[in-house]
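Each remark here refers to the structure printed beneath this line.
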Amino acid sequence: MTEVKVVADLDQIAKTAAEYIIEQVRKTDNRFSIALSGGSTPKSLFQVLAKPAYRDRIDWSKVHVFWGDERCVPPDDPDSNYHMTRETLLDHIPLLPDQIHRIRGEADPADAAAEYEKLLKTFFATNEPRFDVILLGMGDDGHTASLTPNTPALNETERWVVPTYYEAKQNWRVTFTAPVINAAANVVFLVSGSGKAERLRQVLLGPYQPHQLPSQLVKPTNGNLIWLVDQAAAAQWQHN
Ligand code: 6PG
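Sequential numbering from 421 applies to the sequence shown in this note's numbering.
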């Protein structure tokens, strides 16, 4: 099932996503696995989730936190997705260290990717990395996680996690591949702002060209896809 949900603004994206996560954790009997993303949009969600009014409605003992991608920098670097999550969310919730599974951005990118793939295989103990929820952002160029335009990572069908060089930012990243994202039970894109509007229209309504628009690769095989977008981001297609 694919759903596009348009809400007023970034604040509403964050609150709607927080309620969604609360509900998904509640519905899950045993452990709940979630992969987070970097970027400014999830940051707002993390800040909301860290507030007592939201935080206290989650049984955190069930929750296991992962990342869909990481920049290849040390974990205390301001560019690190782990660092951003720690400051906005992890420092404010009762998770034990063995519930937090970060990508080692400080390591060699190929080693970090291989290590993380191994960690996922151990965690899921099957050939299917079935996350309960994967959160994604969409970059201005149509990338998601660190699946960036015209890179070999987009063709990957076997590996779960790969190193990849992001030309636009001139840095190495480690990222989930499309097969991992598409094996999830629920995938939620968070997209905010007028700067994303035209790209979002192309991704949702334009021709299928995943090498230019990697977000189009996201099509869960046996799961739900939700696009949670604000009115500014929806402007290009909502009124046309
Ligand atoms: C990253 C990401 C990336 C991000 C998008 C959207 O580490 O950069 O995981 O895929 O989610 O670029 O970012 P914004 O929300 O900042 O636009």
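All C-beta atoms in this analysis are idealised placements derived from N, C-alpha and C, irrespective of residue type, glycine included.
Item                                                                                              : Value
Extent of the continuous alpha helix (DSSP H) run through I554                                    : Run containing I554: none in the alpha helix (DSSP H); it sits in the beta strand (DSSP E), 553 to 557.
Near the ligand 6PG: S556 beta-carbon under 8 Å from a heavy atom                                 : Here residue 556 is Leu; the residue named in the question, Ser, does not match the sequence. True, at least one ligand heavy atom lies under 8 Å from that Cβ.
Helix, strand or coil at W580 according to DSSP, with G and I counted as helix                    : coil
Neighbour-count burial assignment, E548, 16 or more Cβ in a 10 Å radius                           : exposed
Among W657, T641, Q651, nearest to T422 - alpha-carbon criterion                                  : T641
Neighbour-count burial assignment, N660, 16 or more Cβ in a 10 Å radius                           : Per-residue confidence for N660 stands at a pLDDT of 49, beneath the threshold of 50, marking its modelled position as unreliable; the derived number appears in the next sentence. Flag for N660 reads exposed.
Assumed close pair H484, S453 - CB separation to whole angstroms, cut-off 8 Å                     : 5 Å
Contact under 9 Å by Cβ, L555 with T597                                                           : no
Start-to-end residues for the alpha helix (DSSP H) that takes in R506                             : 501 to 508
Three or more C-beta pairs below 8 Å linking the segment 459 to 468 and the segment 570 to 587    : no
Residue environment, H631, which counts as buried when at least 16 other CB atoms sit within 10 Å : exposed
Continuous alpha helix (DSSP H) stretch holding T542: start and end                               : 529 to 544
Reference P529; option with closest CA among P494, N606, P583                                     : P583
Under 9 Å between C-beta atoms of V649 and L610                                                   : yes
P569 and L633 closer than 9 Å at C-beta                                                           : yes
Beta carbon proximity, P498 to chain C, threshold 9 Å                                             : Among the chains of the structure shown, chain C does not appear; only one protein chain is present.
Burial state of Y628 (16 or more Cβ within 10 Å)                                                  : exposed
C-alpha gap between A604 and G488, whole angstroms                                                : 12 Å
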